[in-house]
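Numbering (the working numbering), first residue to last: 46 to 105.
From the three backbone atoms N, C-alpha and C, an ideal C-beta is built for every residue, glycine too.
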C-alpha cells in the first residue's frame, strides 16, 4: 500500500529538535521525527475543529 507522503524541510530551534527526538523515542518511532510532526499536527487540527464546532453551536 502506498502512503500519501510529501517531503518537508523545517527549521526549528535546538530545544524543539531535542523535544521532537525525545517524543519520537517515547512514541516508539525511532528517530523518525516526521511521524511526530504528523501526529502533533493531526492532534492539533482535531482540537481546533472541536473548538470551532463548539463555538458555532454557542452562537446559534
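Q. Taking Cβ to Cβ, would you say residue 80 is nearer than 8 Å to residue 92?
A. As a first step, residue 80 must be located in the chain shown, where it is residue number 35. As a first step, residue 92 must be located in the chain shown, where it is residue number 47. No, these two residues do not count as a Cβ contact at 8 Å.
Q. With C-beta atoms as the reference, is residue 78 less than 8 Å away from residue 66?
A. As a position in the chain shown, residue 78 is number 33, starting the count at 1. As a position in the chain shown, residue 66 is number 21, starting the count at 1. Annotated as proximal: residue 78 and residue 66, with beta-carbon spacing under 8 Å.
Q: Note the first and the last residue of the continuous alpha helix (DSSP H) segment covering residue 55.
A: Position 10 of the chain shown, counted from the start, is the residue given in the question as residue 55. That residue, residue 55, is in no alpha helix (DSSP H); it is neither H nor E in DSSP.
Q: Go ahead and label residue 52 buried or exposed: buried means 16 or more other beta carbons lie within 10 angstroms of its beta carbon, across all protein chains shown.
A: Along the chain shown, one-based indexing puts residue 52 at 7. Residue 52 sits exposed, since fewer than 16 C-beta atoms from the chains shown fall within 10 Å of its C-beta.
Q. Between the C-alpha atoms of residue 82 and residue 62, what's the straight-line distance to the nearest angstrom?
A. As a first step, residue 82 must be located in the chain shown, where it is residue number 37. As a first step, residue 62 must be located in the chain shown, where it is residue number 17. So the alpha carbons of these two residues sit roughly 11 Å apart.
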